[in-house]
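So the sequences go chain by chain: C and L. Residue numbers for the first sequence follow full-length UniProt numbering, so the first one is 1 and each next one is one higher. Residue numbers for the second sequence follow full-length UniProt numbering, so the first one is 1 and each next one is one higher. Yeah, the Cβ is synthetic: ideal placement off N, Cα and C, and Gly gets one too.
Number of protein chains: 2
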Amino acid sequence: MKLASLKSGGRDGLLVVVSRDLVTCQAVPKIARTLQCALDNWDEVAPQLEKIYARLNAGSADKAESFIEEECHSPLPRAYQWCDGSAYINHVELVRKARNAEVPESFYSDPLMYQGGSDSFVGPCDPIAVLDEAWGVDLEAEVAVVTGDVPMGATVEEAAGAIRLVMLVNDVSLRNLIPNELAKGFGFYQSKPASAFSPVAVTPDELGDAWKDSKLHLPLQVTLNDEPFGRPNAGEDMTFSFAQLVAHAAKTRELGAGSIVGSGTVSNKQGSLHGSSIANGGVGYCCLAEVRMYETIEGGKPATPYLAYGDTVRIEMVDESGASIFGAIDQEVVRYHRRTT
Amino acid sequence: MKLASLKSGGRDGLLVVVSRDLVTCQAVPKIARTLQCALDNWDEVAPQLEKIYARLNAGSADKAESFIEEECHSPLPRAYQWCDGSAYINHVELVRKARNAEVPESFYSDPLMYQGGSDSFVGPCDPIAVLDEAWGVDLEAEVAVVTGDVPMGATVEEAAGAIRLVMLVNDVSLRNLIPNELAKGFGFYQSKPASAFSPVAVTPDELGDAWKDSKLHLPLQVTLNDEPFGRPNAGEDMTFSFAQLVAHAAKTRELGAGSIVGSGTVSNKQGSLHGSSIANGGVGYCCLAEVRMYETIEGGKPATPYLAYGDTVRIEMVDESGASIFGAIDQEVVRYHRRTT
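This is the structure we're talking about:
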């Protein structure tokens with residue numbers, strides 16, 4: 001089943017069930033007004049939503065409306081938790097190699113994970129708004145899951161069963177703020193502005209064979225200023241599955257329903273800078289930092305700039321027939337202006 | 001005005017207005033069912049809540065009920081953001097001194113802040129539940145504020161004006177998990193289990209002269225196993241005011257209404273181990289780590305153990321007449337057991 005939240009519903013959006021082909025949708029206020037509400041009561045609510053989904057796909061829904069991605073907020077416009085792993089160790093290996101450092105052995109068994117801000121996500125087609133280009137704006141294309149309630153100390157198997165939804169995310173980073181912030185020792189805060197998620201979140205069963213061992217085995221398509229930039233397979237080189245990431249998150253505390261757990265920047269192992277870009281036959285990248293690390297490793301310094309005002313980023317994933325699964329994250333970098341109220 | 005959330009309201013609690021003396025309360029479902037709902041619509045809702053508050057205090061409320069702290073969840077049982085500063089640099093100085101390291105000069109102008117988990121707080125009288133005593137359970141008694149919406153790049157003055165509520169918090173830490181986790185570079189995650197907040201959150205005006213320059217100038221009373229453990233003044237030695245902490249948090253992103261910003265462990269400058277305990281005439285401590293740092297600095301190693309199963313922690317603040325302002329956080333350390341559903 002596919003779910004989205006329309007901006008018309010206010011701070012938490014209006015939950016709609018979306019047809020598989022992303023053409024129609026239906027609000028379900030009598031079942032659950034918001035996605036958080038559905039997640040809070042999932043066992044009771046999900047079967048009812050599935051019925052609506054079946055009718056939408058059959059063209060027999062009586063209240064179907066056109067589904068418009070631009071009218072969507074992120075599926076959870078604000079969430080009680082957003083934590084992000086670094087499951088693609090290749091990315092970490094490149095970071096370290098670029099500064100001539102070793103990857104600690106423990107990184108292959110103990111996931112890196114940071115607690116992100118979840119109070120003010122932006123919509124999938126909203127701009128990446130920053131006050132200063134010099135902060136070093138970078139995209140990070142990732143996959144993320146939404147959990148139900150998870151008990152403290154959940155096993156990996158239990159964690160796998162607690163995954164309710166899958167979606168895409170652009171976990172924007174302010175690269176030039178990261179070194180100082182991490183040097184302080186308490187992790188990211190200012191260097192991680194608002195993330196955006198794909199218009200649609202889907203249940204794992206919707207992904208068919210592509211969802212296996214709690215990994216999503218399909219290429220993640222990233223387009224930068226209308227040029228292909230990345231298409232690494234999100235199921236490859238993922239050192240930690242989503243179930244492992246969720247279990248890591250639940251080691252010392254319960255996770256509340258609606259917790260979002262991210263994969264970290266998707267990254268496939270490739271040989272070198274020359275062969276890694278899509279133009280040269282590689283699978284490309286899911287963040288600019290990765291190109292810059294290849295450049296640093298091979299040329300001593302980065303050459304590709306971070307994002308500038310006016311740059312556009314599109315993140316999408318298609319099924320084997322070429323149809324978009326989650327809709328597209330489609331953002332432009334702009335200067336932030338305060339909302340007028 | 002004083003506000004609380006009763007557990008009877010479910011995941012988000014039932015908002016009640018509480019009388020100044022914490023004796024009576026009244027639910028206000030027609031005005032706002034939950035505290036988050038009130039914060040989302042504060043300008044419209046607050047004046048209506050103030051009227052109920054005035055009636056409660058005058059003894060003329062028609063629907064007043066007894067207020068029972070044990071029936072409370074944290075004022076926001078789950079929140080969209082919980083970030084915690086380290087505003088009392090004395091604490092950081094002791095940490096560094098205990099390992100013979102200098103405090104970077106930037107720490108006096110650029111606050112340390114970490115993003116905490118906010119999806120599953122526990123109630124003020126709920127146990128501190130852990131799976132393993134060996135994790136090194138420590139209390140951290142702090143003050144926290146709840147904000148309204150804050151625009152990106154808000155000035156310190158604007159941030160001060162966005163502070164809606166003040167409360168107390170026990171930001172439990174798992175000390176023995178911290179070194180490994182911070183060494184990974186991404187900040188705290190597993191080492192910060194669920195926090196608990198005081199039963200009652202109050203508007204800044206309720207604090208009178210004690211709320212000055214966005215600091216709360218009253219002693220924070222910490223009791224450990226029924227013995228006085230700390231009473232440092234939360235208004236002293238606070239290097240960064242709450243307004244500065246909120247402005248720091250909003251530098252690169254908007255803060256959503258209901259964001260909780262903490263002060264970090266309250267800590268006053270004291271001379272040495274001998275003179276710092278309450279028994280020896282000092283103001284004591286708000287976490288066990290601080291005693292242990294004094295012990296390490298003076299004796300080479302810590303002597304005081306972390307919390308064990310059965311230990312109790314009480315955190316409270318009283319006004320000049322001796323009346324409790326926020327009610328008490330009153331927790332016992334226990335082994336975690338899964339909820340039966």
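So the candidates are the options; which of them puts its Cα closest to the Cα of residue i?
i	options	result
residue 76 of chain C	C:181, C:201, C:83	C:201
residue 234 of chain C	C:242, C:220, C:124, C:160	C:220
residue 338 of chain L	C:103, C:30, C:252, C:196	C:252
residue 153 of chain C	L:143, L:131, L:149	L:131
residue 121 of chain C	C:27, C:181, C:266, C:5	C:5
residue 8 of chain L	L:242, L:181, L:217, L:123	L:123
residue 269 of chain C	C:88, C:17, C:58, C:66	C:88
residue 58 of chain L	L:190, L:44, L:295, L:18	L:18
residue 322 of chain C	C:296, C:84, C:16, C:218	C:218
residue 143 of chain C	C:208, C:329, C:333, C:335	C:329
residue 150 of chain L	L:141, L:140, L:162	L:162
residue 100 of chain C	C:312, C:324, C:297, C:308	C:297
residue 325 of chain C	C:206, C:289, C:308	C:206
residue 327 of chain C	C:340, C:222, C:210, C:176	C:222
residue 74 of chain C	C:26, C:3, C:51, C:116	C:3
residue 63 of chain C	C:285, C:244, C:16	C:16
residue 136 of chain C	C:242, C:126, C:309	C:309
residue 70 of chain C	C:104, C:36, C:126, C:98	C:126
residue 13 of chain L	L:172, L:72, L:94, L:103	L:72
residue 332 of chain L	L:133, L:178, L:190	L:133
If you reduce the DSSP assignment to three classes, tell me which class residue i lands in.
i	result
residue 253 of chain L	coil
residue 261 of chain L	strand
residue 32 of chain C	coil
residue 103 of chain L	coil
residue 197 of chain C	strand
residue 91 of chain L	helix
residue 57 of chain L	helix
residue 236 of chain L	coil
residue 292 of chain C	helix
residue 285 of chain C	coil
residue 76 of chain C	coil
residue 23 of chain C	coil
residue 244 of chain L	helix
residue 134 of chain L	helix
residue 71 of chain C	helix
residue 64 of chain L	coil
residue 150 of chain L	strand
residue 96 of chain L	helix
residue 280 of chain L	helix
residue 202 of chain C	strand
residue 122 of chain C	strand
residue 345 of chain C	In the structure as shown, chain C starts at 1 and stops at 341, and residue 345 of chain C therefore has no counterpart that could be examined.
If you follow the alpha helix (DSSP H) that residue i is in, where does it begin and where does it stop?
i	result
residue 184 of chain L	178-184
residue 189 of chain L	Looking at the DSSP string, residue 189 of chain L is not in any alpha helix (DSSP H), and its letter there is neither H nor E.
residue 139 of chain L	Run containing residue 139 of chain L: none; DSSP gives neither H nor E here.
residue 157 of chain C	156-161
residue 351 of chain L	The structure shown does not extend to residue 351 of chain L, since chain L spans only 1 to 341, so no value can be given for it.
residue 350 of chain L	Nothing about residue 350 of chain L can be reported from this structure: the residues present for chain L run from 1 to 341 only.
Answer yes or no: does any C-beta atom of chain A fall closer than 7 Å to that of residue i?
i	result
residue 184 of chain C	This model lacks chain A altogether, as its protein chains are C and L.
Go to residue i, then tell me how far its beta strand (DSSP E) extends in each direction, as first and last residue.
i	result
residue 301 of chain L	Per DSSP, residue 301 of chain L belongs to no beta strand (DSSP E) and is neither H nor E.
residue 332 of chain C	329-335
residue 85 of chain L	82-85
residue 116 of chain L	113-116
residue 5 of chain L	2-6
residue 316 of chain C	312-316
residue 270 of chain C	Counting along the chain, residue 270 of chain C falls outside any beta strand (DSSP E), and DSSP gives it neither H nor E.
residue 360 of chain L	The requested residue 360 of chain L does not occur in the structure, where chain L is confined to residues 1 to 341.
residue 223 of chain L	221-224
- Query: Does the region 276-289 of chain C come within contact of the region 227-238 of chain C, defined as at least 3 CB pairs closer than 8 Å?
  - Reply: Pairwise C-beta distances place the region 276-289 of chain C in contact with the region 227-238 of chain C, as three or more of them are shorter than 8 Å.
- Message: Using a Cβ distance threshold of 8 Å, determine whether the region 246-263 of chain L contacts the region 76-93 of chain L, with at least three qualifying pairs required.
- Response: At 8 Å Cβ cutoff, the stretches touch.
- Message: Tell me whether the region 177-186 of chain C and the region 104-114 of chain L touch, counting them as touching only if at least three CB pairs, one residue from each stretch, are closer than 8 Å.
- Response: Touching, yes.
- Message: Whether or not the region 304-324 of chain L and the region 163-171 of chain L are in contact is what I'm after, with contact meaning three or more pairs of Cβ atoms, one per stretch, closer than 8 Å; do they touch?
- Response: As far as the Cβ criterion goes, the region 163-171 of chain L touches the region 304-324 of chain L, which means the pair count is three or higher.
- Item | the region 154-162 of chain C contacting the region 302-316 of chain C, beta-carbon criterion three pairs below 8 Å | The region 154-162 of chain C makes no contact with the region 302-316 of chain C: fewer than 3 CB pairs, one atom from each, lie closer than 8 Å.
- Is it true that the region 45-56 of chain L meets the region 22-37 of chain L, where meeting means three or more beta-carbon pairs spaced less than 8 Å apart? With the rule of 3 Cβ pairs closer than 8 Å, the region 45-56 of chain L counts as touching the region 22-37 of chain L.
- Query: For the 8 Å Cβ check, are there 3 or more pairs between the region 172-183 of chain L and the region 90-109 of chain L?
  - Reply: Because the criterion of three Cβ pairs below 8 Å is not met, the region 172-183 of chain L and the region 90-109 of chain L do not touch.
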